[in-house]
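Input: a single structure, listed below in structure tokens.
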Amino acid sequence: MNHEKVIFSFFIVLALTLNFGFVIGDIDKPEHHSVYSLFFAIIINLAATILKFGDRSQLGAMLLATSLVADLQLLAAAIIWGLAEHVFAVGLSPLILATVVELSAGALVANVISVILLLIETTLLHR
Amino acid sequence: MTQISALILHQMRQPLLLLLTAYSISILGMTVMPGVDPDGNPWRMSFFHAFYYISFTATTIGYGEIPYELSEAQRAWGLISLYLCVISWLYAIGKILTLIQHPVYKQVIIKTNFIKLVKNLHQPFYIICGFGDTGMALVKAMSERHMQAVVLDNNQEAINSLLLKEYNIHVPGLLADVNHPKNLINAGIQHPLCQGVIGLTNDNEANLKIAVSAKLLRPNIPVICRSDSDEVSRNLSSFDTDHIINPYQTFAENLQMALHMPGLYLLYYWLTGTPNQTLADPPYPPKGLWIVCGYGRFGKYIEKTLQQYGMFVTIIEANPSIMKGEREFIHGIGTEEVTLRTASIENAVAIVAGTDNDSNNLSIIMTAKHIKPELFVIARQNQHNNKILFDNLAIDILMQPGEVIARRTRSLLTLPLVYEFILQAKQQTEEWINILISRICAITNDQTPYIWTVEISKNTAPAIVELLEKQQYIALGVLEQDLHFRRLSQYCIVLLLQRQQEYILLPEANTFLEIGDKILFCSTPHFEASIEWTLNNSSTLNYILTGREGSDGIIWHWLDQKWQQSKST
Numbered sequence: 003m004n005h006e007k008v009i010f011s012f013f014i015v016l017a018l019t020l021n022f023g024f025v026i027g028d029i030d031k032p033e034h035h036s037v038y039s040l041f042f043a044i045i046i047n048l049a050a051t052i053l054k055f056g057d058r059s060q061l062g063a064m065l066l067a068t069s070l071v072a073d074l075q076l077l078a079a080a081i082i083w084g085l086a087e088h089v090f091a092v093g094l095s096p097l098i099l100a101t102v103v104e105l106s107a108g109a110l111v112a113n114v115i116s117v118i119l120l121l122i123e124t125t126l127l128h129r
Numbered sequence: 019m020t021q022i023s024a025l026i027l028h029q030m031r032q033p034l035l036l037l038l039t040a041y042s043i044s045i046l047g048m049t050v051m052p053g054v055d056p057d058g059n060p061w062r063m064s065f066f067h068a069f070y071y072i073s074f075t076a077t078t079i080g081y082g083e084i085p086y087e088l089s090e091a092q093r094a095w096g097l098i099s100l101y102l103c104v105i106s107w108l109y110a111i112g113k114i115l116t117l118i119q120h121p122v123y124k125q126v127i128i129k130t131n132f133i134k135l136v137k138n139l140h141q142p143f144y145i146i147c148g149f150g151d152t153g154m155a156l157v158k159a160m161s162e163r164h165m166q167a168v169v170l171d172n173n174q175e176a177i178n179s180l181l182l183k184e185y186n187i188h189v190p191g192l193l194a195d196v197n198h199p200k201n202l203i204n205a206g207i208q209h210p211l212c213q214g215v216i217g218l219t220n221d222n223e224a225n226l227k228i229a230v231s232a233k234l235l236r237p238n239i240p241v242i243c244r245s246d247s248d249e250v251s252r253n254l255s256s257f258d259t260d261h262i263i264n265p266y267q268t269f270a271e272n273l274q275m276a277l278h279m280p281g282l283y284l285l286y287y288w289l290t291g292t293p294n295q296t297l298a299d300p301p302y303p304p305k306g307l308w309i310v311c312g313y314g315r316f317g318k319y320i321e322k323t324l325q326q327y328g329m330f331v332t333i334i335e336a337n338p339s340i341m342k343g344e345r346e347f348i349h350g351i352g353t354e355e356v357t358l359r360t361a362s363i364e365n366a367v368a369i370v371a372g373t374d375n376d377s378n379n380l381s382i383i384m385t386a387k388h389i390k391p392e393l394f395v396i397a398r399q400n401q402h403n404n405k406i407l408f409d410n411l412a413i414d415i416l417m418q419p420g421e422v423i424a425r426r427t428r429s430l431l432t433l434p435l436v437y438e439f440i441l442q443a444k445q446q447t448e449e450w451i452n453i454l455i456s457r458i459c460a461i462t463n464d465q466t467p468y469i470w471t472v473e474i475s476k477n478t479a480p481a482i483v484e485l486l487e488k489q490q491y492i493a494l495g496v497l498e499q500d501l502h503f504r505r506l507s508q509y510c511i512v513l514l515l516q517r518q519q520e521y522i523l524l525p526e527a528n529t530f531l532e533i534g535d536k537i538l539f540c541s542t543p544h545f546e547a548s549i550e551w552t553l554n555n556s557s558t559l560n561y562i563l564t565g566r567e568g569s570d571g572i573i574w575h576w577l578d579q580k581w582q583q584s585k586s587t
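Chains as they are written, first to last, in our numbering: chain A, 3 to 129; chain B, 19 to 587.
What follows is the structure, encoded as structure tokens:
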């Protein structure tokens, strides 16, 4: 059993589940989308990205790429939320919330790809 | 490069994860802690405010309690986050700085920069392997003539000394093992402008490896190699190494020149030496009994040369196994009076101190001079830093392997015509050479002459080529004329003119120039600058040819023609 693989799998799956938890629900209902959920999704995603730093294998590079995409999408969602609430003072209107959830849904796709890649690696390297 | 950056990124995982954890705990805590706004309503920080607060706290900037005055709970959490984040930052920064200063990482950066530098070279260059005394002398001579060199050496001290030297042009150098062909590729052997590879390391095997790699990686560029052993030399010539320089053999050839024609020997030393040094008198090796101490590679070559010229040679050698019973010898080092007297030094005319130990060589000379002060002395100096000691003894010919190789390589690279000139001059009489020597002395004020080559081509002599293409005849003497007073001939000697495969020794001033001619000049550096004008500037050339400044612009040209016409009618 590879110690590093376990930790990474934990983070990438956790990133996926948290992301899913945030996205699920009606797209424009604020009560279905908790800000804490988004916060944890971002933190865990970043951790998963850092864990792939300096991995020189082909699959490692692919995983780094997909999790960087997820980071980008989630951070963009968080920034839009913050700007709407504090800078432009429009509040969390349905339009803004829909944009935030759309972006996180994109991140969810990236995370799903990460997990699929991880599954492929595990099956191929079955010993 | 990718390998090392991957390693560094891998090492940075830990500090980055620590920072991420510290920040997320602090931010999360801050959003949870209950607070009160100025109106007395319960209030909690949003993620936006929490991130802002933690950012300026963690970096110890500290803007204060923003946006409202904090509650006691928030302050308590602020304390915890402050210590957590600041300590994480210190750890992360320390770790990252250590990684960047890692010697392996630094070495990789240096290597990458070197490869980039070589790749971007825009002028023809030579790769020099080995930056010892020989390599140093060669690079110096090349940079004086603005020839680009790239240096490889496996000794850090040598590379450091390269960095400290101030040359006319920047010479890139890399600490690398020349035995690895990869390093030759890094030094640009496959670069289209690479003109040749020169192996000057102390190690014959390494030089052999350099020559083999160069011939395989880039078959059509010249390779010059140093080789001290006959076996390696034969090996090198088996795959067409262009020039193999054996210091002992080269020295023996020079000695042969000194025995045959002392004047020619002197000429060789002047033409291949560095300019602006006081001219020395030629050595006159006497005929008679010679004593050679040390029958190694050096001794053997000397003995062969001396015997060719009918000298009697007595060998003194400390190690009987070297002799293999080939010839008679006297057992001993030669440092003791007894040994020298057995070799009948009283009747000898000359002594050669040729062992591979400098202290012994010095001792041999001192003992011999003590017995017979008028002896002609040839000494072999093995260590560069013993030069001061050898200079203090009155030595007629001093042989330093490094200097011999540097001189030969230098003339091969910078002045290939000099080598040809010496070959041609060998056919001449002693008197011819003596006249040439006195002519050189007269123009250079008893300093070593400055030698350079001029090629009559579009790039190097545009003004001359322009006229030659108009079917005008230009005599060689034109180049020797002064720019300011055209009737005065300047002080310079044309040593050799190469026209395709033909060589003309000391060509006459009325020889007509042709495109593609290569001319070997001998004068002072000042004169080279003045000749450049004649070669490049058409109005200067015109003045020298006709005595009139030419008219450059169209209108002046037209007026000039009108004037000429009216004068002729």
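All C-beta atoms, glycine included, are put in the ideal place defined by N, C-alpha and C.
- Per DSSP, A397 (chain B) lies in no alpha helix (DSSP H); the unbroken beta strand (DSSP E) holding it starts and ends at 394-398.
- A residue is called buried when at least 16 other Cβ atoms come within 10 angstroms of its Cβ; N172 (chain B) meets this threshold and is buried.
- Under the 10 Å beta carbon count, A100 (chain A) is surrounded by fewer than 16 other beta carbons and is classified as exposed.
- Residues of the segment 40-65 of chain A with a C-beta less than 7 Å from any C-beta of chain B: F41, I45, L48, A49, I52, L53, F55, G56, R58, listed in chain order.
- For E87 (chain A), the residues of chain B that pass the 8 Å Cβ criterion are S64, F66, in the order they occur in the chain.
- Contact note: V37 (chain A) reaches chain B through T49, S64, F65, using a C-beta cutoff of 9 Å and chain order.
- Contact annotation for G84 (chain A) against chain B: S64, F65, F66, F69 [CB-CB distance below 9 Å, chain order].
- Put simply, the backbone Cα of Q499 (chain B) is about 17 Å away from that of I458 (chain B).
- Against H120 (chain B), chain A offers no close residue; the least beta-carbon distance is about 14 Å (beta-carbon pairs closer than 9 Å).
- S42 (chain B) has a beta carbon lying within less than 8 Å of a beta carbon in chain A.
- Within the same chain, and ignoring the five residues on either side of L61 (chain A) in sequence, the residues whose Cβ sits closer than 7 Å to its Cβ are L119, E123.
- The C-beta of Y561 (chain B) has 16 or more other C-beta atoms within 10 Å across all chains shown, which makes the residue buried.
- Where M63 (chain B) is concerned, there is no enclosing alpha helix (DSSP H), because DSSP gives it neither an H nor an E.
- Any Cβ of chain A closer than 8 Å to the Cβ of L102 (chain B) would place that residue at the interface, and such an atom is absent.
- Along the length of the segment 372-425 of chain B, whole beta strand (DSSP E) runs at least 3 residues long occupy 394-398, 415-417, reported in chain order.
- Per the C-alpha coordinates, the member of A:V111, A:L40, A:N21, A:L74 positioned closest to L46 (chain B) is A:L40.
- Between G153 (chain B) and I146 (chain B), the gap from beta carbon to beta carbon is short of 8 Å.
- Residue burial is scored here from C-beta neighbours: G206 (chain B) has at least 16 other C-beta atoms within 10 angstroms and is therefore classed as buried.
- Not a single C-beta of chain A is nearer than 8 Å to the C-beta of R398 (chain B).
- Within the segment 28-40 of chain B, the residues whose Cβ lies closer than 7 Å to any Cβ of chain A are, in chain order, H28, M30, R31, L34, L35, L38.
- Boundaries cannot be given for R566 (chain B), as no alpha helix (DSSP H) includes it and DSSP labels it neither H nor E.
- Two segments are said to touch when three or more pairs of C-beta atoms, one from each, lie closer than 8 Å; by this definition the segment 268-284 of chain B does not touch the segment 246-255 of chain B.
- The criterion of a C-beta distance shorter than 8 Å is satisfied by K227 (chain B) and N197 (chain B).
- In this structure, the CA atom of I406 (chain B) is about 22 Å from the CA atom of F316 (chain B).
- Note on I382 (chain B): 16 or more other CB atoms within 10 angstroms of its CB, so buried under the neighbour-count rule.
- For the options B:T373, B:F149, B:E335, the alpha carbon positioned closest to that of I348 (chain B) is the one of B:E335.
- CA-to-CA, the gap between A43 (chain A) and L115 (chain B) works out to about 30 Å.
- With a threshold of 16 other beta carbon atoms within 10 Å, P391 (chain B) falls short and is exposed.
- When Cβ-Cβ separations below 8 Å define contact, A24 (chain B) makes contact with chain A.
- Under DSSP, A366 (chain B) shares a beta bridge with B:L307.
- Contact with chain A is found for L46 (chain B), since one of that chain's Cβ atoms lies less than 8 Å from the residue's Cβ.
- Every unbroken stretch of the beta strand (DSSP E) spanning 3 or more residues and falling wholly within the segment 521-586 of chain B is given here in chain order: 536-541.
- Under DSSP, the beta-bridge partners assigned to V241 (chain B) are B:V215.
- Contact annotation: V168 (chain B) and L180 (chain B) have beta-carbon atoms that are not nearer than 8 Å.
- By the criterion of a C-beta distance shorter than 8 Å, F74 (chain B) is surrounded in its chain by G80, Y81, once the five residues flanking it on both sides are discounted.
- With contacts defined as CB atoms closer than 8 Å, C540 (chain B) and P467 (chain B) qualify as a contacting pair.
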